[in-house]
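Undergrad:
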Amino acid sequence: MIDRETFHAALEARHGAGRQSKFDAARVAVCGLGGLGSNVAIALARAGVGRLHLVDFDRVEASNLNRQQYAAAQVGLTKAEALKANIAAVNPYCEVVAEAVRVTPDNIEALLGGDDIVCEAFDRAEEKAMLVSGVLERLPGKAVVAASGMAGLESANSITTRRVSKRLYVCGDGTADVDDGKGLYGARVAVCAAHQATMILRLIAGEEEP
Amino acid sequence: MLKVNGEDADVAGQTVADYLSSAGFNPARVVVELNESIVPKARYAETVLRDGDRVEVVCFMGGG
Numbered sequence: 000m001i002d003r004e005t006f007h008a009a010l011e012a013r014h015g016a017g018r019q020s021k022f023d024a025a026r027v028a029v030c031g032l033g034g035l036g037s038n039v040a041i042a043l044a045r046a047g048v049g050r051l052h053l054v055d056f057d058r059v060e061a062s063n064l065n066r067q068q069y070a071a072a073q074v075g076l077t078k079a080e081a082l083k084a085n086i087a088a089v090n091p092y093c094e095v096v097a098e099a100v101r102v103t104p105d106n107i108e109a110l111l112g113g114d115d116i117v118c119e120a121f122d123r124a125e126e127k128a129m130l131v132s133g134v135l136e137r138l139p140g141k142a143v144v145a146a147s148g149m150a151g152l153e154s155a156n157s158i159t160t161r162r163v164s165k166r167l168y169v170c171g172d173g174t175a176d177v178d179d180g181k182g183l184y185g186a187r188v189a190v191c192a193a194h195q196a197t198m199i200l201r202l203i204a205g206e207e208e209p
Numbered sequence: 000m001l002k003v004n005g006e007d008a009d010v011a012g013q014t015v016a017d018y019l020s021s022a023g024f025n026p027a028r029v030v031v032e033l034n035e036s037i038v039p040k041a042r043y044a045e046t047v048l049r050d051g052d053r054v055e056v057v058c059f060m061g062g063g
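Top to bottom, those sequences are chains G and S.
Each residue of the first sequence is one higher than the one before, counting from 0 in numbering that gives the first Met the number 0.
Each residue of the second sequence is one higher than the one before, counting from 0 in numbering that gives the first Met the number 0.
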């Protein structure tokens with residue numbers, strides 16, 4: 000296997016040593032490991048983010064495979080353990096803490112207090128609002144990069160990153176709801192996930208504007 | 000007059016809960032920021048909007 004020094008030198012060659020050292024030191028929580036979160040986590044691991052905190056209580060199902068970063072043979076595993084394995088395959092030097100737990104208003108502080116940035120990647124709108132509110136209310140200073148509106152097969156060009164306030168960014172088209180029967184397509188969900196991952200890397204790099 | 004999501008809104012004197020209800024938002028699906036600070040959900044009914052306030056309502060869509 001490629002050794003740590005060679006792996007890190009390759010990241011520095013692509014990203015620059017100064018920026019890579021910021022990625023190395025970063026700690027990012029990804030809450031929800033579905034179509035958004037699994038793609039965000041893989042993108043951050045490939046960029047060499049030093050520590051990823053993966054949180055999802057759910058298990059891999061066949062209906063996830065159209066858009067989520069799991070193999071067919073992983074159906075039945077918890078998403079937390081499956082994604083940890085998949086990240087180890089692309090970046091064996093990323094420190095991954097994977098927890099198969101449900102996020103609630105009561106455990107947000109204890110669960111996410113050690114992370115620098117929180118990625119909201121849930122699927123249900125009520126859970127998204129709960130997590131974003133919880134982080135903004137209870138974890139002063141932490142930024143949240145959330146997603147809203149990536150269902151359906153409308154143009155990928157309608158997906159954007161918006162800075163709502165000092166600590167809140169929202170990626171997506173803002174209007175498409177999966178409850179309207181639009182379906183979820185891997186390509187379009189991945190565009191939204193890539194917006195989130197890009198914003199997270201920009202924040203780590205010290206860039207605060209979308 | 001105040002601004003909601005960048006648009007003028009004549010809702011001074013209403014509470015956040017009143018405004019969300021009248022505008023058709025489901026409170027369980029939104030995050031509300033008032034002058035760059037989060038409004039805790041438990042305070043929607045007691046937080047009164049005032050002239051000059053800047054309000055951001057993010058209404059989340061499902062899917063992920």
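Note that the Cβ used here is the ideal one computed from N, Cα and C, for glycine as well.
Quantities reported herein were computed from a predicted structural model and do not represent experimental measurements.
Check distances from the C-beta atoms of the stretch 123 to 155 of chain G to those of chain S and list, in chain order, the residues that come in under 7 Å.
TA: Answer set for the stretch 123 to 155 of chain G: ARG123, ALA124, GLU125, LYS127, ALA128, VAL131, SER132, LEU135, GLU136, ALA146, SER147, GLY148, MET149 and ALA150.
Undergrad: Are the C-beta of ARG42 of chain S and some C-beta of chain G separated by less than 7 Å?
TA: Counted from its first residue, the second sequence places residue 42 of chain S at position 43. By this cut-off, ARG42 of chain S is not an interface position.
Undergrad: Considering only DSSP beta bridges, list what ARG26 of chain G is partnered with.
TA: Reading the first sequence from its first residue, position 27 is the one you call residue 26 of chain G. In the DSSP output, where bridge partners are listed per residue, ARG26 of chain G has G:ARG50.
Undergrad: Could you tell me whether the Cβ atoms of ARG66 of chain G and LEU183 of chain G are closer together than 7 Å?
TA: Here residue 66 of chain G is taken as the residue at index 67 of the first sequence, counted from 1. Here residue 183 of chain G is taken as the residue at index 184 of the first sequence, counted from 1. For ARG66 of chain G and LEU183 of chain G, yes; Cβs fall inside 7 Å.
Undergrad: Mind listing the chain G neighbours of ALA27 of chain S? Cutoff is C-beta to C-beta under 7 Å, in chain order.
TA: Working through the second sequence from its first residue, we reach residue 27 of chain S at position 28. Chain G residues near ALA27 of chain S: GLU125 and ALA128.
Undergrad: Excluding the 5 residues preceding and the 5 following GLY185 of chain G in the sequence, name in chain order all residues of the same chain whose CB lies nearer than 6 Å to its CB.
TA: To locate residue 185 of chain G, count along the first sequence from 1; it is residue 186. Excluding positions up to five away in sequence, the list reads ASN65 and ARG66.
Undergrad: With 7 Å as the threshold, decide whether the Cβ of ASP178 of chain G is near any Cβ in chain S.
TA: What you label residue 178 of chain G is simply residue 179 of the first sequence in a count that begins at 1. Interface residue, yes.
Undergrad: Does the beta carbon of PHE64 of chain S sit closer than 7 Å to a beta carbon anywhere in chain G?
TA: For chain S, the structure presents residues 0 to 63; residue 64 of chain S sits outside this window and is missing.
Undergrad: Quick check on the burial criterion: 16 or more other C-beta atoms within 10 angstroms. Buried or exposed for THR5 of chain G?
TA: Here residue 5 of chain G is taken as the residue at index 6 of the first sequence, counted from 1. Burial call: exposed.
Undergrad: Could you please give the first and the last residue of the uninterrupted beta strand (DSSP E) stretch that includes ASP17 of chain S?
TA: As a first step, residue 17 of chain S is located in the second sequence; it is residue number 18 there, counting from the start. Per DSSP, ASP17 of chain S belongs to no beta strand (DSSP E); it is in the alpha helix (DSSP H), 15 to 22.
Undergrad: Does the contact criterion of 3 or more C-beta pairs under 8 Å hold for the stretch 187 to 195 of chain G versus the stretch 156 to 173 of chain G?
TA: With a cut-off of 8 Å, the stretch 156 to 173 of chain G and the stretch 187 to 195 of chain G count as touching, because enough Cβ pairs lie within range.
Undergrad: At which residues does the alpha helix (DSSP H) containing VAL188 of chain G begin and terminate?
TA: What you label residue 188 of chain G is simply residue 189 of the first sequence in a count that begins at 1. Start and end: 185 to 203.
Undergrad: I need the DSSP call for PRO171 of chain G, collapsed to helix, strand or coil.
TA: Here the question's residue 171 of chain G lines up with position 172 in the first sequence. The sequence given here has Gly at residue 171 of chain G, not Pro. Reduced to three states, the DSSP call for GLY171 of chain G is strand.
Undergrad: At 7 Å on the CB atoms, spell out the chain G contacts of GLU55 of chain S, in chain order.
TA: In the second sequence, residue 55 of chain S corresponds to position 56, counting from 1. What GLU55 of chain S touches in chain G: VAL163 and SER164.
Undergrad: Rounded to the nearest angstrom, how far is the Cβ of VAL95 of chain G from that of LEU51 of chain G, given a contact under 8 Å?
TA: Locating residue 95 of chain G in the first sequence gives position 96, where the first residue counts as 1. Locating residue 51 of chain G in the first sequence gives position 52, where the first residue counts as 1. Their Cβ separation, rounded to whole angstroms, is 5 Å, which keeps VAL95 of chain G and LEU51 of chain G in contact under 8 Å.
Undergrad: What residue range is occupied by the uninterrupted beta strand (DSSP E) comprising SER157 of chain G?
TA: Taking the first sequence and counting its residues from 1, the one referred to as residue 157 of chain G is at position 158. Where SER157 of chain G is concerned, there is no enclosing beta strand (DSSP E), given that its DSSP letter is neither H nor E.
Undergrad: Spell out whether any CB of chain G is found under 7 Å from the CB atom of GLU45 of chain S.
TA: Residue 45 of chain S sits at position 46 when you count from the first residue of the second sequence. For GLU45 of chain S, the answer is no, since every Cβ of chain G falls outside 7 Å of its Cβ.
Undergrad: On the three-state DSSP scale, how would you describe SER36 of chain S?
TA: As a position in the second sequence, residue 36 of chain S is number 37, starting the count at 1. DSSP places SER36 of chain S in strand when its eight states are reduced to three.
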